[in-house]
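Okay, so the sequence shown: first residue is 91 according to this note's numbering, each after it adds one.
Every residue, glycine too, gets a C-beta built ideally from N, C-alpha and C.
This report concerns only the one structure given below.
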Amino acid sequence: MNLAFVESPVQLLNVLEWAHARPYAPTSDSLASAAPATDALTSGAPATADPTAAGGAVPLTLVVLSPADPLSRGQLRRMAELARDEGHTVRWQEARGGTTAPLRAVRELTPLLRRAGRIVIGDPFSRYVHMLLTLAGDHQELTVVDDGTATLEFSGQLARGERLVRWHRRGTGGARERLLAPVSALARRRLAPAPGRPLEIFTAMPVEPTAHTTVTRNDFAWTRARFGPPTVLPGADLVGTSLVETGVVDPGRYADAVHRLARTHGARRYLAHRRESPDKLQRLARLTGLEIVRPELPLELVARRGPTAATVLSFPSTVVHTLPLALAGTSVQVAVCDIAPQWLRDGASPRAEGFLAGITGSARGVRRLPAPA
């Protein structure tokens, strides 16, 4: 059994891409065991669809470790419906409903973990996933799918033998981090590839393989096969980022940069990141006159379904690597605007400037734009 754990819409999308990239020939046993679909999104019970409906994709048992954020939950529910349509089993796990929810979820998921031949995870930095990995055996194969630009930091930290810390965080964390440090250390050892225990990284990011690590390229074949091509409109769309919310970029500098970019390139829509705050988006709408759009699906699917502007503007983020792949064969051009050093907040991680520059510098098939003066 292939068992996947996801906590965000993008992770779920990349798990579907991973499954699509592995052709599956169903056996007579799997055909006989197919059952009608049931609603897992409201009852919490697994929903199983016809395993042959995925068009040859490898079947998955997909566990959604539900976040608290309403926008993320909404996108995840829509992505879960797509997963069910592809023939995968979906389990919606309320993982953050009170102090006892994590332990209850781990207890309920333990039987699935023990039966899994391969475990697919979307966020190797997640403390939740770390707890689950402590229950996994060394005999189980392990795959990490893209969680955006965090994949770059994960692969680098793994190769250097460092502890797993998200790039935008600074310091050693608080009491909770210290309490969970033994769990994280055990998970890091489980994630570290070794002879007889390889690790697969499924990614659209520029990650190079290391010893006992296989890098499988994600070219968004499932997205391109299922959606589009889009209708292309004149002008530009501007992709939002949560760099303000994560404490990296100054909010005033960001608003001014959005205003200047929109005016220079004739942008009409601002495609908001799901973590952007309502107050910030209202300010941007007043300042720029842009139409603020809250996408109901990951941006790769929204852009592929269309309509999409002829130019998609973005700051350094995952989409400067993924959108050129999802929009391959269309006339849409992706342009990335650099983050000026003076935009960074005083409390930003010392690694932030170099990391953001690396995201931009390693992107392929995009047009580089200087930071607005």
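Between which two residues does the beta strand (DSSP E) carrying residue i extend?
{"i": "Trp182", "result": "179-183"}
Taking the DSSP output, what are the residues bridged to residue i?
{"i": "Leu68", "result": "This structure gives no information on residue 68, because the portion of the chain shown stretches from 91 to 463."}
{"i": "Arg287", "result": "Ala284"}
{"i": "Thr151", "result": "Leu93, Thr179"}
{"i": "Leu387", "result": "Leu387 pairs with nothing; no bridge assigned."}
{"i": "Arg457", "result": "Ala425"}
{"i": "Thr293", "result": "Arg307"}
{"i": "Thr398", "result": "Val322"}
{"i": "Glu252", "result": "Paired residues: none, contrary to the question."}
{"i": "Glu381", "result": "Arg359"}
Please name the residue, chosen from the options, that lies closest to residue i on a Cα-to-Cα basis.
{"i": "Glu381", "options": "Leu361, Pro149, Met91", "result": "Leu361"}
{"i": "Leu152", "options": "Met169, Ser162, Leu161", "result": "Met169"}
{"i": "Arg395", "options": "Arg458, Gly318, Pro214, Ser452", "result": "Gly318"}
{"i": "Thr378", "options": "Pro388, Thr303, Asp346", "result": "Asp346"}
{"i": "Gly207", "options": "Thr224, Asp228, Leu161, Leu199", "result": "Asp228"}
{"i": "Ile449", "options": "Asp436, Gly437, Ala425, Gln432", "result": "Ala425"}
{"i": "His110", "options": "Thr313, Pro288, Arg279, Asp436", "result": "Thr313"}
{"i": "Gly455", "options": "Ser407, Pro414, Thr190", "result": "Pro414"}
{"i": "Glu176", "options": "Arg457, Glu386, Gln230, Val105", "result": "Val105"}
{"i": "Glu390", "options": "Arg441, Val409, Arg350", "result": "Val409"}
{"i": "Asn308", "options": "Gly188, Glu298, Arg278, Ala294", "result": "Ala294"}
{"i": "Leu290", "options": "Arg279, Leu281, Thr303, Arg278", "result": "Sequence check: residue 290 is Glu here, not Leu. When each option's Cα is compared against that of Glu290, the closest is Thr303."}
{"i": "Gly451", "options": "Ser407, Ala416, Gly188, Arg167", "result": "Ser407"}
{"i": "Leu387", "options": "Val100, Asn92, Asp428, Ser367", "result": "Val100"}
{"i": "Glu231", "options": "Ile211, Thr239, Leu371", "result": "Ile211"}
{"i": "Thr224", "options": "Thr200, Thr239, Arg287, Arg350", "result": "Thr200"}
{"i": "Ala185", "options": "Leu417, Glu97, Leu374", "result": "Glu97"}
{"i": "Arg217", "options": "His363, Arg353, Gly342, Pro157", "result": "Pro157"}
{"i": "Pro368", "options": "Ala400, Glu335, Val297", "result": "Glu335"}
{"i": "His363", "options": "Arg350, Thr354, His355, Val383", "result": "Val383"}
{"i": "Ala453", "options": "Thr239, Arg205, Arg204", "result": "Thr239"}
{"i": "Leu248", "options": "Ala442, Gly419, Gly337, Pro214", "result": "Pro214"}
{"i": "Glu252", "options": "His349, Arg358, Thr321, Leu281", "result": "Leu281"}
{"i": "Arg397", "options": "Arg343, Leu417, Ser404", "result": "A small fix is needed here, since residue 397 is Pro in this sequence, not Arg. Minimum Cα distance to Pro397 is reached at Leu417."}
{"i": "Pro431", "options": "Asp340, His411, Gln372", "result": "Asp340"}
{"i": "Gly187", "options": "Phe244, Gly337, Leu155", "result": "Leu155"}
{"i": "Ala326", "options": "Arg343, Leu351, Ser332, Leu333", "result": "Leu351"}
{"i": "Gln183", "options": "Ala94, Glu107, Phe292", "result": "Ala94"}
{"i": "Val422", "options": "Arg435, Val402, Asp436", "result": "Val402"}
{"i": "Met91", "options": "Arg204, Arg174, Arg194", "result": "Arg204"}
Helix, strand or coil, according to DSSP, for residue i in the structure here?
{"i": "Arg307", "result": "strand"}
{"i": "Phe244", "result": "helix"}
{"i": "Leu446", "result": "helix"}
{"i": "Val410", "result": "helix"}
{"i": "Val100", "result": "helix"}
{"i": "Val392", "result": "helix"}
{"i": "Leu434", "result": "strand"}
{"i": "Leu371", "result": "helix"}
{"i": "Glu107", "result": "helix"}
{"i": "Thr142", "result": "Because the pLDDT of Thr142 is 40, which lies under 50, any placement of that residue in the model is unreliable, and the number read from its coordinates should be weighed accordingly. Reduced to three states, the DSSP call for Thr142 is helix."}
{"i": "Leu333", "result": "coil"}
{"i": "Leu415", "result": "helix"}
{"i": "Ser274", "result": "helix"}
{"i": "Ser120", "result": "Any reading at Ser120 must be qualified, since the residue scores a pLDDT of 40, below 50, and its modelled position is unreliable; the value itself is stated next. If DSSP states are grouped into helix, strand and coil, Ser120 belongs with the helices."}
{"i": "Thr313", "result": "helix"}
{"i": "Arg441", "result": "coil"}
{"i": "Arg376", "result": "helix"}
{"i": "Ala115", "result": "Unreliable positioning characterises Ala115 in this predicted model, as indicated by a pLDDT of 44, which lies under 50. A coordinate reading is not provided."}
{"i": "Arg186", "result": "coil"}
{"i": "Arg365", "result": "coil"}
Any chance the CB of residue i is under 7 Å from a heavy atom of the ligand GTP?
{"i": "Lys370", "result": "For the structure depicted, the ligand GTP is absent and the ligand set is empty, with no information on it obtainable."}
Residue i lies in the alpha helix (DSSP H); which residues open and close that run?
{"i": "Gln165", "result": "160-175"}
{"i": "Gly342", "result": "341-355"}
So with Cβ pairs under 8 Å, would you call residue i a contact of chain D?
{"i": "Gln101", "result": "Given the protein chain composition of this structure (a single chain), no chain D is represented."}
Quick one: which unbroken beta strand (DSSP E) runs of 3-plus residues sit fully inside the region 191-239? Chain order, please. 208-211, 231-235
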